[in-house]
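Taken in order, these protein sequences are the chains called A and B. Residue numbers for the first sequence follow our numbering, beginning at 2 and rising by one. Residue numbers for the second sequence follow our numbering, beginning at 780 and rising by one. Cβ atoms here follow ideal geometry from the backbone N, Cα and C, with glycine treated the same way. Written out below as structure tokens is the structure these notes cover.
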Amino acid sequence: MRVYHMGDHEVRALRGVSLDVAPGEFVSVTGPSGSGKSTFMHIIGALDKPTSGQYILDGKDVSQLSKDELAGVRNTKIGFVFQGFNLLTRTTALDNVELPLLYNGVKKFKAAERHRRAMETLDIVGLGQRFHHMPNQLSGGQQQRVAIARALINEPSIILADEPTGNLDTRTSIEVMGIFQRLNVERGITVMLITHEMDIAEYGTRLIRFRDGRVVADQKIAHRRNAADELAALPPPEPDQIPHADTEAH
Amino acid sequence: MSVLMVFRIALKALGRNKMRTALTMLGMIIGVGAVITMVALGTGAQNAIEEQIRATGTNTITVMSGNFTQGAVRMGEGSSSRLMAADAEALRSVPGVQWVAEGASTRQTLVAGNQNWQASIQGTNVDWPLIRAWPLKYGLFFTEQDVQAAAKVIVLGSNVAEMLYGAEVDPTGQNVRVRNHVFRIVGVFASKGASSGGQNQDDQAFVPYTTVQKKIQGIQHLNNITVSAVSGDQIAATTEAVKASMRVTQRLAPGEEDTFRVFTQDDIIGFATSQSSTMTDLLAGIAAVSLMVGGIGIMNIMLVSVTERTREIGLRMAIGARGRDVLMQFLVEAIVISLVGGGLGIAMGFGLAETVKWLNGWPAVIPMDSVVMAVGFAAFVGIFFGFYPARKASGLDPIEALRFE
Chain A
2 MRVYHMGDHE VRALRGVSLD VAPGEFVSVT GPSGSGKSTF MHIIGALDKP
52 TSGQYILDGK DVSQLSKDEL AGVRNTKIGF VFQGFNLLTR TTALDNVELP
102 LLYNGVKKFK AAERHRRAME TLDIVGLGQR FHHMPNQLSG GQQQRVAIAR
152 ALINEPSIIL ADEPTGNLDT RTSIEVMGIF QRLNVERGIT VMLITHEMDI
202 AEYGTRLIRF RDGRVVADQK IAHRRNAADE LAALPPPEPD QIPHADTEAH
Chain B
780 MSVLMVFRIA LKALGRNKMR TALTMLGMII GVGAVITMVA LGTGAQNAIE
830 EQIRATGTNT ITVMSGNFTQ GAVRMGEGSS SRLMAADAEA LRSVPGVQWV
880 AEGASTRQTL VAGNQNWQAS IQGTNVDWPL IRAWPLKYGL FFTEQDVQAA
930 AKVIVLGSNV AEMLYGAEVD PTGQNVRVRN HVFRIVGVFA SKGASSGGQN
980 QDDQAFVPYT TVQKKIQGIQ HLNNITVSAV SGDQIAATTE AVKASMRVTQ
1030 RLAPGEEDTF RVFTQDDIIG FATSQSSTMT DLLAGIAAVS LMVGGIGIMN
1080 IMLVSVTERT REIGLRMAIG ARGRDVLMQF LVEAIVISLV GGGLGIAMGF
1130 GLAETVKWLN GWPAVIPMDS VVMAVGFAAF VGIFFGFYPA RKASGLDPIE
1180 ALRFE
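Here it is as structure tokens:
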């Protein structure tokens, strides 16, 4: 339950939501705006706390933690991927990916170690060659991949993707969803995807639909889409669709 | 998060916007630079004055006759005629005293041939050139016998000699007339320049004080006594001893007011430098205003920066930055700007001070404490003006911040 107080009004953004998500699931959360899915995502992302009720992450109740403790949870257990990428400008892909390590209060990493891990993580998303590029030298899809690498670097329990394909064209959307699927299938990483596009939601294994602060549907996705196969079936991209980092934005 | 990490993050953030960082620093650079330059020029002027006064000897003590009251009329300083040769004689045996010169002065016209020149005539004794460390250019100073005999001998200041006889002429052995007395010139002093009071020390002539008393003025008393202490370090103790001796020879009962006044070279320095130090303070004060403006500039930019970087702050919080991490980042950014700006400002201050010194020939001395103060002030400005924007940044709600357009 999450209640906001706005002046005299009481806004019940979430009215009794009970869910269990097992490790390794790929959960797609959909619903119209105002359905409570954003509030749900904020609570799952430890950015917000429920007014009442519990949120147990990795066997630990995080719903009663202090602000600083929540920051620690976000750092080590949750990887965020946003619609707008939210990369630091004029900062290389490598430095962007390293950023969560700087705030890691549990493990202190030496510069060389941070560098090595960031390079490895960039390799996972297929951007190992472009580690020294600034965000404005990368295409939207590449920027989102950097953001995914940043979400991955602290080895989180869950990756929380909020409309990750909202700013991307169809082809790049499929590419990005392919990365999520690969991480989910090959590495067993739990993914929670918030989207209002049904076709994007179908890349997951489980669909949860919100309406008016309640879960109105919670079902297994019968015909899961496979991004890798779809991508192989697409005609190869025209050359001008791939921006060349070295010639762009100088 | 470690301090090193905070610095790394802050430096990277500053590096991302070099132009803005540089412009913000400029306010600090100019502020600190102005303070250092102003203080340097002020201190330079002060030191020059002090040096000038010290050149006359730091270990001299002057005893002046005090004021006296006749009826209900209080006469001015030096009007008393109670200062006598006996007082001076007693001072010769005071511990710590090296030389003692009786002083009786007057102003007279000197006539030589068809030239005349009005100058101050200083009656003194043979210790005078020793006290003032004043070498002679021609001839010799008068002797003890001359003083005892109240002889009509005279030593000219270099300006007086020049006025009467022309430059680079040795007038020793010649005669000058003062009133209706004929004085034999025995020596001419080397040029010494203006005194701390601004009067030209070369525009004087020296005769035995006894001669002034008996032959020129017809008086019994002295105007002043100049004493030199054995060392400048013991000037305070010697001054006290001189006062004590004076009270005995003036026969003053305990509690009775002094009939004389004693002051040291330090008193004169203190007076002269107090004026220039007021000037220095004023200049530094004006410069400090620009430092203040520089600080407000930092706060301005930091506030704009917090708004502009709201999403960045939201992102940092989403990936695990705590409120205090963000606070520290912005605070360190402000401190780095002000400290680096302060450092460059010091360099600019040194450069400007040297330039002014070189262009105008003004003395410029940069006191170390002004540098330390400037750095301290720069750090203070950074913390003070950086705290509010940093606080604002750290208080942001990550959800709101991430949504910010």
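Closer than 8 angstroms by C-beta to residue i: which residues in its own chain qualify, once you throw out the five before and the five after it? Chain order, please.
i                 : result
THR248 (chain A)  : Reliability fails at THR248 (chain A), whose pLDDT of 45 lies under 50, so the model's placement of it is uncertain and the value that follows must be treated cautiously. Counting only Cβ-Cβ distances below 8 angstroms, and skipping sequence neighbours, we find nothing.
ILE1114 (chain B) : ALA1158, GLY1161, ILE1162, GLY1165
GLN983 (chain B)  : ALA898, SER899, ILE900, GLN901, GLY936, VAL939
LEU95 (chain A)   : HIS116, ALA119, MET120, LEU123, PHE132, HIS133
GLY882 (chain B)  : GLN901, GLY902, THR903, TYR988, LEU1001, ASN1002, ASN1003, ILE1004, THR1005
GLN924 (chain B)  : ALA930
Looking at the secondary structure, which residues open and close the alpha helix (DSSP H) in which residue i lies?
i                 : result
ARG117 (chain A)  : 112-125
PRO987 (chain B)  : Looking at the DSSP string, PRO987 (chain B) is not in any alpha helix (DSSP H); the run it does join, the beta strand (DSSP E), is 983-987.
ASN959 (chain B)  : Segment: none, ASN959 (chain B) is in no alpha helix (DSSP H) and carries neither H nor E.
VAL1154 (chain B) : 1147-1173
ARG172 (chain A)  : 171-188
MET1191 (chain B) : Chain B is shown from 780 up to 1184; residue 1191 (chain B) falls before or after that span and cannot be answered.
VAL926 (chain B)  : 923-927
ALA1066 (chain B) : 1044-1087
THR40 (chain A)   : 38-45
LEU1181 (chain B) : 1177-1182
MET199 (chain A)  : 199-202
ARG146 (chain A)  : 141-153
GLU231 (chain A)  : 228-234
Measure the alpha-carbon distance for residue i versus residue j and round it to whole angstroms.
i                 : j                 : result
GLN901 (chain B)  : ASN895 (chain B)  : 18 angstroms
MET1096 (chain B) : HIS43 (chain A)   : 13 angstroms
MET817 (chain B)  : PRO1142 (chain B) : 12 angstroms
SER872 (chain B)  : VAL1027 (chain B) : 13 angstroms
ALA1180 (chain B) : SER1055 (chain B) : 55 angstroms
ILE1 (chain A)    : PRO51 (chain A)   : The structure shown has nothing for residue 1 (chain A), since chain A only spans 2 to 251.
ILE57 (chain A)   : ILE190 (chain A)  : 17 angstroms
GLY812 (chain B)  : GLY1073 (chain B) : 11 angstroms
ILE1125 (chain B) : MET1078 (chain B) : 21 angstroms
SER937 (chain B)  : PHE968 (chain B)  : 6 angstroms
LEU783 (chain B)  : VAL82 (chain A)   : 28 angstroms
LEU235 (chain A)  : MET178 (chain A)  : 15 angstroms
GLY17 (chain A)   : ASN155 (chain A)  : 31 angstroms
LYS971 (chain B)  : VAL1144 (chain B) : 25 angstroms
LEU1001 (chain B) : GLN992 (chain B)  : 8 angstroms
ILE1047 (chain B) : MET1025 (chain B) : 21 angstroms
ALA150 (chain A)  : ARG117 (chain A)  : 13 angstroms
VAL1111 (chain B) : LEU100 (chain A)  : 18 angstroms
SER36 (chain A)   : ARG115 (chain A)  : 40 angstroms
PRO1146 (chain B) : ILE160 (chain A)  : 60 angstroms
SER158 (chain A)  : GLY46 (chain A)   : 11 angstroms
Based on DSSP bridge pairs, tell me the residues matched to residue i.
i                 : result
LEU194 (chain A)  : A:SER29, A:ALA162
ALA1126 (chain B) : Partner(s): none; ALA1126 (chain B) has no beta bridge.
SER844 (chain B)  : B:PHE1039
ASP62 (chain A)   : A:ILE57
THR839 (chain B)  : B:SER1007
PHE968 (chain B)  : B:LEU915
VAL955 (chain B)  : B:PHE962
Once you ignore the five residues that flank residue i on each side, which residues in its own chain have a CB closer than 6 angstroms to its CB?
i                 : result
LEU1123 (chain B) : ILE808
ILE201 (chain A)  : THR166
GLY918 (chain B)  : THR951, VAL965, GLY966
VAL1154 (chain B) : GLY1121
PHE181 (chain A)  : VAL192
ASP21 (chain A)   : none
ILE998 (chain B)  : GLN992
If you follow the beta strand (DSSP E) that residue i is in, where does it begin and where does it stop?
i                 : result
ASN796 (chain B)  : ASN796 (chain B) -> no beta strand (DSSP E), and no H or E assigned at all.
ALA218 (chain A)  : 215-221
ALA1008 (chain B) : 1003-1008
ILE933 (chain B)  : 932-935
ARG212 (chain A)  : 207-212
In its own chain, which residues sit with a C-beta less than 7 angstroms from the C-beta of residue i, not counting the 5 before and 5 after it?
i                 : result
VAL107 (chain A)  : THR77
VAL1060 (chain B) : Checking the sequence, you will find Asp at residue 1060 (chain B) rather than Val. Cβ within range, chain order: n/a, list empty.
SER1007 (chain B) : GLY836, ASN838, THR839, GLN877, TRP878, ILE910
ALA1067 (chain B) : VAL814
ARG799 (chain B)  : ILE1080
Say yes only if the C-beta of residue i is nearer than 7 angstroms to one or more non-hydrogen atoms of the ligand ZN, and no if none qualify.
i                 : result
ILE1065 (chain B) : Among the ligands in the structure shown, none appear at all, so the ligand ZN cannot be discussed.
message: In chain order, what are the residue ranges of uninterrupted alpha helix (DSSP H) at least 4 long that sit wholly in the region 864-915 of chain B?
response: Fully enclosed alpha helix (DSSP H) runs of 4 or longer: 864-870, 907-910.
- request: Report the residue ranges of all alpha helix (DSSP H) runs contained in full by the region 79-105 of chain A; include only those spanning at least 4 residues, in chain order.
  value: Fully enclosed alpha helix (DSSP H) runs of no fewer than 4 residues occupy 94-103 of the region 79-105 of chain A, in order along the chain.
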